[in-house]
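With positions in the sequence shown counted from 1, the corresponding number in our numbering is that position plus 36. No residue lacks a Cβ here, since even glycine has one placed at the ideal position from N, Cα and C. Each remark here refers to the structure printed beneath this line.
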Amino acid sequence: MDSTLIACAVAAAAAGAFLGWFVPRVAGASRVKNASDLARRIIEEARKEAQAQKKEIIIQGKDEVLEAKRRMEDEIREREREIKGREKKLDEQGEKLDSKLDEAWKKEQELLLTEKEFTRKTRELEEMGEDLGSRLAEQEKRLQEVAGLTAEEAKIRLLADIEAKSRHEAARMMRLIETEARETADRKAKEIIATAIQRYAGDYVADQTVTAVTLPSEDMKGRIIGREGRNIRAIEAATGVDLIIDDTPETVILSAYSPLRRQVAKLALERLIQDGRIHPARIEDIVQKVEQELETHVREVGEQATFDAGVHGIHPDIVRLLGQLKYRTSFAQNVLQHSLEVASLCGIMAAELNMDIKRAKRAGLLHDIGKALDHEVEGSHATIGADIAKRYGENKDIIHAIASHHEDTPPTSSLAVLVQAADCLSGARPGARKELLENYVKRLEDLENIAMSFSGISKAYAIQAGREIRVMVNSDDVNDDATFLLCKDIAEKIEGNLTYPGQIRVTVIRERRAVGYAK
């Protein structure tokens with residue numbers, strides 16, 4: 037502020053000097069005095085104004101200094117309060133730490149005492165263990181002398197008794213648990229299977245492949261043979277089928293491993309007989325036409341089968357193989373009809389079990405596809421069918437169901453088990469399949485022999501056309517709980533050694549008879 041006053045004074049002086057210099061020149065000497073007075077007044081007013089401003093500025097500066105001092109004092113007091121609070125907290129924490137240190141020291145002393153006590157008791161236990169060991173050895177020696185058995189022999193006998201009791205208890209518990217589970221599962225399975233059978237209405241006996249051709253007369257045999265056998269050789273060469281012409285009246289037998297070849301030979305021979313012109317050139321022409329027609333017919337049959345089953349998106353080559361199953365039989369049951377039945381049953385049971393119906397039908401329809409080529413390719417039809425399905429891009433679940441439907445591969449999915457059940461239902465229902473008498477008798481004998489191979493069996497009878505085996509056991513050799521284990525063992529051996537449709541029921545019977553005589 038002093039510099040401001042000085043500047044104002046200098047300015048006033050300069051103004052006065054200027055006026056003193058300028059006024060005399062312009063206004064003359066008369067006006068110099070007035071200008072000087074005016075300059076003095078201006079300077080005096082400027083000085084007064086500067087003094088007033090100076091005082092005001094000084095007062096304002098003092099106020100600011102006092103305000104800053106007040107704020108600084110408030111801040112210092114606030115910090116002092118914070119420091120005191122922190123010191124108080126530190127004091128409290130120090131007191132807590134001191135108390136904790138005291139507690140830790142006390143616990144350490146207690147632990148030292150406990151450790152000493154533990155060491156003392158350990159030493160006492162060791163001494164007692166040594167004493168007990170010597171006493172046990174002495175008692176064991178006395179027991180061996182009294183019982184006449186060594187420790188190893190006694191251990192073996194004790195373990196044998198424990199094992200026998202454990203097996204008895206385990207068999208009893210297993211019987212209770214399995215009986216309860218079987219009752220629940222059987223009831224639900226019977227409901228599902230009964231529903232599937234009731235909803236499916238199929239023919240009980242399917243068509244059989246015919247391998248005999250009826251002739252209009254005996255003279256036709258000579259025309260079929262031809263001069264020096266040229267016609268029969270031409271037919272056999274063109275069709276790959278052996279013609280058997282014997283004493284059977286008005287009948288020619290066709291023999292071939294392939295059902296399609298037999299069908300081609302049958303249709304071609306029937307047309308030749310109807311046409312009457314039988315010679316090598318005509319035979320080749322007819323056979324070629326029949327093969328083309330049969331190929332078309334096979335595809336149509338396969339397409340119709342997929343349409344009937346409600347299965348779509350199958351590779352054309354698999355469709356053709358499905359059509360070939362029409363000319364393939366298994367125990368006199370038509371394989372294509374059987375496949376359609378299995379697909380329908382799979383779909384019905386899948387709906388009951390909340391499974392994928394389309395996938396179940398697809399697996400059921402394709403489960404026997406290997407039978408179309410099993411006479412040409414080595415291996416079981418299940419393995420062949422799985423390879424075919426894999427080659428043409430079928431789902432891995434479908435492939436597994438095909439491969440495991442005859443236990444060639446252990447089933448690991450619910451779909452595979454479903455196909456197994458539907459396959460058994462279709463093949464095991466009355467009238468669906470036939471088997472030779474010799475095979476039937478042999479299977480019954482094997483069934484009884486398997487049951488008699490176990491110890492404790494007195495008699496075994498195969499009944500209900502081999503659907504059940506009843507086994508009588510000696511009551512002195514087999515107890516009630518052992519009959520349960522024996523039943524399971526017989527069933528497992530039958531599963532491992534016999535091939536049969538459906539299932540075989542194993543019934544083990546044990547009875548206790550008391551006989552007395554009155555004299």
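Cut-off 8 angstroms between Cβ atoms - residues of its own chain near Ile-322, not counting five sequence neighbours on either side
The beta carbon of Ile-322 sits closer than 8 angstroms to the beta carbons of Ala-304, Arg-307, Leu-308, Asp-311 from its chain, once the five residues preceding and following it are set aside; these are given in chain order.
Can you check which of these residues, Val-453, Ala-301, Thr-419, Asp-410, is closest to Thr-250 by C-alpha distance?
The residue with the shortest Cα to Cα distance from Thr-250 is Ala-301.
Under the assumption that Glu-339 contacts Val-355 (Cβ atoms under 8 angstroms), give the Cβ distance between them as a whole number of angstroms.
Right, the Cβ-Cβ distance comes to about 6 angstroms (below 8 angstroms), so this counts as a contact.
Which value, in whole angstroms, describes the spacing of the CA atoms of Val-246 and Asp-410?
With a pLDDT of 45 at Val-246, under the threshold of 50, the predicted position of this residue should be treated as unreliable, and no value is reported.
Just verifying my parser: in three-state terms, what is the DSSP assignment at Arg-541?
Under the three-state reduction of DSSP, Arg-541 is assigned to strand.
Please determine if the stretch 407–426 and the stretch 442–457 are in contact, where contact requires at least 3 C-beta pairs separated by less than 8 angstroms.
Touching, yes.
Endpoints, the beta strand (DSSP E) within which Met-256 is located:
If you look at Met-256, you'll find it isn't in any beta strand (DSSP E); it sits in the alpha helix (DSSP H) that goes 255–261.
Do Ala-487 and Val-507 come within 7 angstroms of each other at the CB atom, strictly closer than that value?
At a Cβ-Cβ threshold of 7 angstroms, Val-507 and Ala-487 count as neighbours.
Can you tell me the Cα-Cα spacing of Leu-521 and Arg-541, whole angstroms?
Straight-line spacing of the CA atoms in Leu-521 and Arg-541 works out to 15 angstroms.
DSSP state of Ser-375, grouped into three classes?
Helix at Ser-375.
List the endpoints of the continuous beta strand (DSSP E) containing Thr-332.
Under the DSSP assignment, Thr-332 falls outside any beta strand (DSSP E), being part of the alpha helix (DSSP H) whose first and last residues are 316–345.
State the beta-bridge partners of Leu-409 as determined by DSSP.
Within the DSSP secondary-structure output, Leu-409 pairs in no beta bridge.
Segment contact, 8 angstroms Cβ cut-off, at least three pairs: the stretch 350–369 with the stretch 397–412:
Contact holds: three or more Cβ-Cβ distances are below 8 angstroms.
Reduced DSSP category for Met-108 - H, G, I as helix; E, B as strand; rest coil:
Correct three-state label for Met-108: helix.
Can you tell me which of Ala-273, Leu-290, Thr-275, Ala-274 puts its alpha carbon nearest to the alpha carbon of Ile-281?
That would be Leu-290, whose Cα lies nearest to the Cα of Ile-281.
Just to check my reading of the structure: Cys-382 and Ala-458 have Cβ atoms closer than 8 angstroms, yes? What is that Cβ distance to the nearest angstrom?
At roughly 5 angstroms, the Cβ-Cβ gap stays under 8 angstroms, so Cys-382 and Ala-458 are in contact.
Rounded C-alpha distance that separates Gln-244 from Ser-294:
With a pLDDT of 46 at Gln-244, under the threshold of 50, the predicted position of this residue should be treated as unreliable, and no value is reported.
Got a sec? Which residues, its chain only, sit under 7 angstroms from Asp-392 by beta carbon, not counting five neighbours each side?
Around Asp-392: Ala-386.
Lys-495, DSSP secondary structure in three states
Three-state result, Lys-495: strand.
Under the DSSP definition of a beta bridge, which residues are partnered with Val-509?
Its beta-bridge partners are Ile-493.
Residue environment, Lys-132, which counts as buried when at least 16 other CB atoms sit within 10 Å:
Answer is exposed; the Cβ neighbour count stays below 16.
Roughly how many angstroms separate the alpha carbons of Thr-543 and Tyr-497, rounded to a whole number?
Each residue's alpha carbon lies about 10 angstroms from the other.
Residue range of the unbroken beta strand (DSSP E) whose run includes Asp-278:
Asp-278: member of the beta strand (DSSP E) spanning 278–280, first to last residue.
Checking 7 angstroms against the spacing of the C-beta atoms, do Asp-433 and Ser-449 come in under that value?
Taking 7 angstroms as the Cβ cut-off, Asp-433 and Ser-449 qualify as a contacting pair.
What are the boundary residues of the alpha helix (DSSP H) that includes Ile-530?
516–533 is the span of the alpha helix (DSSP H), which, as asked, contains Ile-530.
Helix, strand or coil: which one does DSSP assign to Ile-350?
Three-state DSSP puts Ile-350 in coil, outside helix and strand.
Looking only at DSSP bridge pairs, what is Ser-291 linked to?
DSSP lists Asp-278 as partners of Ser-291.
Note the first and the last residue of the continuous beta strand (DSSP E) segment covering Thr-419.
Note, Thr-419: premise wrong, no beta strand (DSSP E); alpha helix (DSSP H) at 417–427.
Below 8 angstroms on the Cβ atoms is my contact criterion, and I expect Leu-279 with Val-288 to pass it. Report the Cβ-Cβ distance as a whole number of Å.
Rounded, the Cβ-Cβ distance is 6 angstroms, consistent with contact.
Cβ atoms of Gly-400 and Ala-379: under 7 angstroms apart, would you say?
Yes.
In angstroms with no decimal places, state the Cα-to-Cα distance between Asp-404 and Val-551.
Answer to the nearest angstrom: the Cα atoms are 57 angstroms apart.
Helix, strand or coil, according to DSSP, for Gln-500 in the structure here?
If DSSP states are grouped into helix, strand and coil, Gln-500 belongs with coil.
For Arg-263, does the count of other Cβ atoms within 10 angstroms reach 16, so buried, or fall short, so exposed?
Taking a 10 Å sphere around the C-beta of Arg-263, we find fewer than 16 other C-beta atoms and assign the residue as exposed.
Would you tell me roughly how many angstroms separate the C-alpha atoms of Leu-74 and Glu-111, rounded to the nearest one?
About 55 angstroms.
My assumption, with CB atoms under 8 angstroms, is that Val-277 sits in contact with Arg-298. Please give the rounded CB distance.
Sure, about 6 angstroms apart at Cβ, within 8 angstroms.
So, Arg-398 versus Val-347, is the Cβ gap smaller than 7 angstroms?
Yes, Cβ-Cβ distance for Arg-398 and Val-347 is below 7 angstroms.
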